[in-house]
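To start, the structure itself, in structure tokens.
Residue numbers (my numbering), protein chains in the order written: chain A, 275 to 772; chain P, 157 to 268.
As structure tokens, then:
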């Protein structure tokens, strides 16, 4: 039974006095905005309160890398002034949010979780962040992540690992682990993350929050520090599906600064939530329920699918026969693109430079050696190998051809169904240290998420129960290109019914 | 073993990485393990499958248009002043590890 959300602000004065409570978990975007609009609270008090909460909780969790107090309080004061004049606040007016550190923020340190950008203070803003702020959002700070978003546990952060708020001995997932943990622990109302192989959906699933990866091209990548440009997506992590719809509506749409951002109209995702789900056809692919799937995850996800069937959806078996080739394809395509993207870190224009290098080439090498962590070096090496003379056809071109097959699998399935339902991750959150010595085992944590990145289709993870150890489980819903409205609607219907 | 220590040194060189000897040993092990897994792609006959480099050449475009016409929206007039002003010199240099106020500075490239 979902607790009621209405009572939150009656408790607020108590909370303001430092009596912190997990009830903060119930604060949604609309609740925060209307409290500020109606002047039940001030946006500045709310931001201050969140900073108190961060000070108290974050030493154990490690979700934030940099706080942006000055910028946050200025935005909050702007929203308070609007409210005081009785003007209508914009859709995210005064709402405290967190931003993954791979998105650049003007004047606020942006490290991408890497030592090589340890002191980097960007001179410009990421489009998605600028759109959030234009809609009134108060950016509290920058969240921890795996270095350059490369990882599935957040243990590859050069600064510190993030711990799962539900169980501090476990990982929050990755790479947007800080964003997921911040939302789950009530240290932000909502957050932006990025997803290249599952990095929004998998941590959302591990931390018990909602995570949405939009269609490739739906949200501008301008100002997103690039990992793999044909696979990188920005999207929201939120407490509710409606909040995810609100954030997507805010950040979606064509941006002249990113030529791959699509000129496709942005529907009102929030209004679309109200449409019925009855009669929608949901595909269930046996490839996502096979070997390696944890028993408790399976039963929760199957129960969630039954619940959707109970709401009038028709469950249809579909086949995605090339699924087992997704991880190998991904680790060629993503690393090849990464090796090219990360060539820019050379110690010349920004970032770490090794001391006392005698020649230019010595400086490049030593700066990169000192600046990059082990997983980043491993991926640069793998990508460089796959692109090198003699191996290009065997690896890179081969992977691109298989990427076509993986995409065709979805195209075929979507002729028969409106969405595909799967587990988000084969297991619930694992322990810190459990997979750090085995890169391949870590890569397999993304087995149900990577294919959507390769095909560019949207996917959402919505909480669907817990294991016996009280660890959250996520239901993943995948949709057609540019059909976020349908997967949001299904996730919303499920959330309301559970 | 597909990848040898020599291959690792060669690729590290291409990637502008040094790698310590321990890092190299570990890299040989990791790359072989990952590439061993990746080899399963060879089970698939892809001779007649076109490669896919981008998602955006398939979706979100006007399907009735062909070639570069499809992406007309993504281009713009070539203008002196672009979509936004260039960064002021000072800001462009503010993150440089070494600069002299006009240029980025690097170790000497050419011996005279």
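The C-beta atom is built at its ideal place from N, Cα and C for all residues, glycine as well.
Query raised in the report: Any C-beta of chain A sitting closer than 8 Å to the C-beta of residue 172 of chain P?
Result: Yes, contact with chain A.
**Report entry** Touch test, the stretch 410-430 of chain A against the stretch 659-677 of chain A, Cβ-Cβ under 8 Å, three pairs minimum
**Finding:** Judged by Cβ distances under 8 Å, the stretch 410-430 of chain A makes no contact with the stretch 659-677 of chain A, as fewer than three pairs qualify.
Report task. Figure out for me which residue from A/370, A/305, A/497 and A/596 has the closest Cα to the Cα of residue 326 of chain A. Result -> Here the closest residue by C-alpha is A/370.
Requested in this report: State the start and end residues of the unbroken beta strand (DSSP E) segment that holds residue 605 of chain A.
Outcome: No beta strand (DSSP E) holds residue 605 of chain A; the alpha helix (DSSP H) holding it covers 600-615.
Query raised in the report: In chain order, which beta strand (DSSP E) runs of at least 3 residues are fully inside the stretch 445-482 of chain A?
Result: The qualifying runs are 464-469.
Query raised in the report: Along the chain, where does the alpha helix (DSSP H) that runs through residue 762 of chain A open and close?
Result: If you look at residue 762 of chain A, you'll find it in the alpha helix (DSSP H) that goes 758-771.
Query raised in the report: So with Cβ pairs under 8 Å, would you call residue 250 of chain P a contact of chain A?
Result: So, interface residue.
Requested in this report: Can you tell me the Cβ-Cβ gap for residue 353 of chain A and residue 363 of chain A, rounded? I've got them flagged as a contact below 8 Å.
Outcome: Going by Cβ atoms, the distance from residue 353 of chain A to residue 363 of chain A rounds to 6 Å, so yes, they are a contact pair.
Query raised in the report: Between which two residues does the beta strand (DSSP E) containing residue 341 of chain A stretch?
Result: For residue 341 of chain A, the uninterrupted beta strand (DSSP E) run begins and ends at 338-341, by DSSP.
Report task. Identify whether residue 580 of chain A lies in helix, strand or coil by the three-state DSSP scheme. Result -> In the three-state reduction of the DSSP assignment, residue 580 of chain A falls in the helix class, which pools H, G and I.
Query raised in the report: For the putative contact between residue 428 of chain A and residue 403 of chain A, defined by C-beta atoms under 8 Å, what is the C-beta separation to the nearest angstrom?
Result: Not confirmed; about 21 Å, so no contact.
Query raised in the report: Which chain P residues sit within Cβ distance under 8 Å of residue 638 of chain A?
Result: Within chain P, the C-beta atoms nearer than 8 Å to that of residue 638 of chain A come from 172, in chain order.
Query raised in the report: Measuring CB to CB, does residue 645 of chain A end up less than 8 Å from residue 453 of chain A?
Result: Remark: C-beta atoms of residue 645 of chain A and residue 453 of chain A do not approach each other more closely than 8 Å.
Query - alpha helix (DSSP H) segment containing residue 676 of chain A, residue limits - result: Here the alpha helix (DSSP H) through residue 676 of chain A covers 672-690.
Requested in this report: Residues of the stretch 175-195 of chain P with a CB closer than 9 Å to any CB of chain C: list them in chain order, please.
Outcome: The displayed structure is made up of protein chains A and P, and chain C is not among them.
Query raised in the report: Which of the three DSSP states, helix, strand or coil, is assigned to residue 649 of chain A?
Result: Annotated three-state conformation of residue 649 of chain A is helix, per DSSP.
Query raised in the report: Closer than 8 Å, CB to CB, is residue 222 of chain P near chain A or not?
Result: The beta-carbon of residue 222 of chain P is placed no less than 8 Å from the nearest beta-carbon of chain A.
Query raised in the report: Which class does residue 183 of chain P belong to by DSSP, given the choice of helix, strand or coil?
Result: Residue 183 of chain P carries a helical assignment under DSSP once its states are collapsed to helix, strand and coil.
Query raised in the report: Helix, strand or coil for residue 724 of chain A per DSSP?
Result: In the structure shown, residue 724 of chain A falls within a helical segment according to DSSP collapsed to helix, strand and coil.
Report task. For residue 250 of chain P, name the three-state secondary structure that DSSP assigns. Result -> If DSSP states are grouped into helix, strand and coil, residue 250 of chain P belongs with coil.
Query raised in the report: Along the stretch 532-548 of chain A, what residues have a CB closer than 7 Å to any CB found in chain P?
Result: Per Cβ criterion, the list reads 533, 534, 536, 537 and 538.
Query raised in the report: Hey, how far is the Cα of residue 634 of chain A from the Cα of residue 264 of chain P?
Result: If I take the Cα positions, the gap works out to 7 Å.
Query raised in the report: Is the beta carbon of residue 518 of chain A sitting closer than 8 Å to the one on residue 734 of chain A?
Result: In contact: residue 518 of chain A and residue 734 of chain A (Cβ atoms closer than 8 Å).
Requested in this report: Return yes when at least one heavy atom of the ligand ADP lies under 7 Å from the C-beta of residue 574 of chain A, else no.
Outcome: No copy of the ligand ADP appears in this structure; indeed no ligand is present at all.
Requested in this report: Could you check if residue 421 of chain A is buried or exposed, using at least 16 other CB atoms within 10 Å of its CB as the buried criterion?
Outcome: Burial of residue 421 of chain A is indicated by the presence of at least 16 other C-beta atoms within 10 angstroms of its C-beta.
Query raised in the report: To which residues of the same chain is residue 183 of chain P closer than 6 Å at the C-beta, ignoring the five residues directly before and after it?
Result: Counting only Cβ-Cβ distances below 6 Å, and skipping sequence neighbours, we find 164.
Requested in this report: Please specify which runs of the alpha helix (DSSP H), each continuous and at least 4 residues long, are wholly inside the stretch 527-572 of chain A, giving them in chain order.
Outcome: Counting only runs of 4 or more, we get 543-546.
Requested in this report: Evaluate contact between the stretch 581-598 of chain A and the stretch 706-714 of chain A, counting only Cβ atoms and requiring at least three cross-stretch pairs below 8 Å.
Outcome: Under the 8 Å Cβ criterion, the stretch 581-598 of chain A does not count as touching the stretch 706-714 of chain A, having fewer than three qualifying pairs.
Query - Cβ-Cβ distance between residue 630 of chain A and residue 471 of chain A below 8 Å - result: Result no, Cβ atoms of residue 630 of chain A and residue 471 of chain A do not sit closer than 8 Å.
Query raised in the report: Does the beta carbon of residue 655 of chain A come closer than 8 Å to any beta carbon on chain P?
Result: Closer than 8 Å: yes.
Report task. Note down, in chain order, all residues in the stretch 250-265 of chain P with a beta-carbon under 8 Å from any beta-carbon belonging to chain A. Result -> Contact residues of the stretch 250-265 of chain P toward chain A are 250, 251, 252, 253, 254, 260, 262, 263, 264 and 265 (C-beta to C-beta distance below 8 Å).
Query raised in the report: Do we get a CB-CB distance below 8 Å when we pair residue 678 of chain A with the residues of chain P?
Result: Yes, contact with chain P.
**Report entry** Member of A/528, A/554, A/656 and A/458 whose CA lies at the smallest distance from the CA of residue 217 of chain P
**Finding:** When each option's Cα is compared against that of residue 217 of chain P, the closest is A/528.
Query raised in the report: So, using beta-carbon positions, are residue 497 of chain A and residue 398 of chain A closer together than 8 Å?
Result: Yes, the pair counts as a contact, with Cβ atoms nearer than the cut-off.
Query raised in the report: Nearest-angstrom Cα distance between residue 594 of chain A and residue 524 of chain A?
Result: Distance between the alpha carbons of residue 594 of chain A and residue 524 of chain A is about 33 Å.
Requested in this report: Would you mind reading off the limits of the beta strand (DSSP E) that contains residue 752 of chain A?
Outcome: Residues 746-753.
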